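In my numbering, the protein residues as written are 15 to 193.
Quick reminder that beta carbons are idealized off the backbone N, C-alpha and C, glycines included.
Bear in mind that the values here come from a model prediction, so they are computed numbers and not experimental data.
Comments concern the structure below.
Below, the structure written as structure tokens:
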């Protein structure tokens with residue numbers, strides 16, 4: 015059985031998985047995991063931070079290099095967030111390839127099972143990444159500052175990408191068990 019004869023849910027899952035992967039890629043690569051804007055005396059200043067760099071207005075610096083070339087140690091929570099976000103991307107990209115093969119070679123069950131497990135694990139890794147980062151944000155930002163400092167769109171994209179990956183895994187598993 016080939017692609018044209020495969021179940022519609024398999025095709026929808028295949029369309030969703032790269033979209034979820036793209037969301038996690040964009041979320042991981044951009045520098046708006048949290049941000050804040052200070053307005054004082056008519057002057058507005060913005061600050062944002064991602065997994066790889068921090069930005070004040072339009073001036074950005076790598077987190078790994080520190081400020082003014084001073085070497086800094088990347089916090090463990092940041093390293094863990096990076097690892098799980100990258101694992102999510104790799105699992106979703108690999109899962110997309112496996113899903114294509116599983117749809118084409120529908121009679122080979124281990125391939126189909128892996129096509130369910132890979133996006134589910136990609137979603138889990140994305141959720142672990144945002145949980146680690148969000149937990150650190152929650153525990154280190156004082157309650158007063160949480161009115162100013164907000165988790166931002168890069169964080170949200172990673173969450174949405176994780177949900178899309180999970181949705182893809184569910185769709186493909188329903189298609190698998192229907193056939």
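Contact annotation: residue 32 and residue 110 have beta-carbon atoms nearer than 8 angstroms.
Residue 179 counts as buried, since no fewer than 16 other beta carbons sit within 10 angstroms of its beta carbon. The three-state secondary structure of residue 184, taken from DSSP, is helix. A straight line joining the alpha-carbon of residue 17 with that of residue 172 spans about 30 angstroms.
Taking the Cα positions, residue 144 is about 15 angstroms away from residue 66. In this structure, residue 91 lies away from residue 163, with their beta-carbon atoms at least 8 angstroms apart. A straight-line Cα-Cα distance of about 47 angstroms links residue 153 and residue 120. For residue 153, the enclosing alpha helix (DSSP H) begins and ends at 123 to 154. In the structure shown, the three-state DSSP call for residue 53 is strand.
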